[in-house]
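Engineer: Attaching a single structure in structure tokens format; questions to follow.
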Amino acid sequence: MPSYLITGGSRGIGWEFGRQLASNPDNTVIGLVRNTSATEKKVSEELQGQSNVHVVRGDITDYASLQTAVADTAQITGGSLDCLIANAGAVSHFDAYDPIGVLGEKPGALEEEMMNMFKVNVVGNTHLFNLFVPLIRKGTLKKVIAISSGQAALDMIPRLEIEAASVYATSKAALNTVVAKFSAQYAKEGILFLSICPGMVDTGRYDEATPEQKHRLKKMLDSFVSYAPHFKGPSTTETAIKDVLSVIDRAAVERGDGGTFVSHYGNKQWL
81 MPSYLITGGS RGIGWEFGRQ LASNPDNTVI GLVRNTSATE KKVSEELQGQ SNVHVVRGDI
141 TDYASLQTAV ADTAQITGGS LDCLIANAGA VSHFDAYDPI GVLGEKPGAL EEEMMNMFKV
201 NVVGNTHLFN LFVPLIRKGT LKKVIAISSG QAALDMIPRL EIEAASVYAT SKAALNTVVA
261 KFSAQYAKEG ILFLSICPGM VDTGRYDEAT PEQKHRLKKM LDSFVSYAPH FKGPSTTETA
321 IKDVLSVIDR AAVERGDGGT FVSHYGNKQW L
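So my numbering is basically just the index in the sequence shown, starting at one, shifted up by 80.
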């Protein structure tokens, strides 16, 4: 029975990972969440309390809680883990619409936001990877997947003049570097570290945008269409995660995937 642990497994993309993986009764699915009681209730109501779904408490900004989560996971799986999906992360609202020069007009707020993004998306995931590697070593699949963002695709930013989300993008680009460094150390052991962008997914991030913010968002979306004429807007979580899981299934150190950053298509086509 392959075992999967998904951080941020209580909602959105993380929940959809768990839902789709749990549909195969041969999979053992573990959601790492901050609120276990609420998530267990959701599992009971929406997944009919499937016996192959487990919930453990953990917060990627709390090192001690991650240590406990490793021990809890080992109890469920018998001491190993096949695939870690590092989905949990922080999304900045501070930088969602304004370019970095405008953000710089509030230097204190900019610094605070950058430090928070790095604490969660970079430092938190670094600790997560280090703590779970001993379980991954004992697994069969030996895969560690970081959910990144096309905002961190350095070729796309100047090409499409993507001004927004500079703090978030910077933290995800740093996460991609962390993944590459882990791969440099562990690929020789057959452990795959891989960053994947799920594409633009409808998670409700822009639901409360003002008219002015919607205008700026439209400018970005128009640039996406110029890059990918087939782009029709954000995909559903169901579609996005189906695509990402397909990439995860195919990816392997032997294919040269270790340490790379790819899209939900498994290549550098971001939309």
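Even for Gly, the Cβ is constructed at its ideal location relative to N, Cα and C.
Because the structure is a prediction, the values reported are computed rather than measured.
1. Name the DSSP beta bridge partners of Leu85, please?
2. So for Ser229, helix, strand or coil by DSSP?
3. If you run the structure through DSSP and keep just helix, strand and coil, what is Lys218?
4. Residues in its own chain within less than 7 angstroms of Ser228 by CB, not counting five upstream and five downstream?
5. To the nearest angstrom, how far is it from the Cα of Leu240 to the Cα of Ser117?
6. Work out the CA separation of Leu85 and Val123 for me, nearest whole Å.
7. According to DSSP, is Ile45 part of a helix, a strand, or is it coil?
8. List the DSSP bridge partners of Lys223.
9. Touching or not, the region 317-328 and the region 194-213, by the rule of three or more beta carbon pairs under 8 angstroms?
10. By DSSP's criteria, Val281 is part of a beta bridge. Which residues make up the other side?
11. From His344 to Gly279, what distance separates their C-alpha atoms?
12. Tell me which residue opens and which closes the alpha helix (DSSP H) that Arg239 is part of.
13. Ignore the nearest five residues each way along the sequence and tell me which others in His134's own chain have a CB closer than 8 angstroms to its CB.
14. The alpha helix (DSSP H) with Val136 in it runs from where to where?
15. Between the alpha carbons of Gly184 and Ser246, how many angstroms are there, rounded?
16. What does Phe341 pair with, by DSSP beta-bridge criteria?
17. Tell me, please, whether the region 260-273 touches the region 330-340 by the rule of three or more beta-carbon pairs shorter than 8 angstroms.
18. Are Glu96 and Glu318 close, meaning C-beta to C-beta below 8 angstroms?
19. Might you give, ordered along the chain, the residues of its own chain that have their beta carbon closer than 7 angstroms to the beta carbon of Val150, omitting 5 neighbours on each side?
20. Which of helix, strand or coil does DSSP assign to Tyr177?
Structural biologist: Taking the definition as stated:
1. Ile110 and Leu164
2. Three-state result, Ser229: coil.
3. coil
4. Lys252, Leu255, Asn256, Ser275, Ile276, Cys277 and Phe341
5. 43 angstroms
6. 15 angstroms
7. Residue 45 lies beyond the residue range present for the chain, which begins at 81 and ends at 351; the question has no answer from this structure.
8. Cys163 and Leu272
9. no
10. Ser315
11. 6 angstroms
12. Met236 to Leu240
13. Thr108, Val109, Ile110, Gly111 and Ile156
14. Here Val136 belongs to no alpha helix (DSSP H); instead the beta strand (DSSP E) covers Val133 to Arg137.
15. 11 angstroms
16. Ser275
17. yes
18. Between Glu96 and Glu318, the C-beta spacing is below 8 angstroms.
19. Leu211, Phe212 and Leu215
20. Coil, per DSSP.
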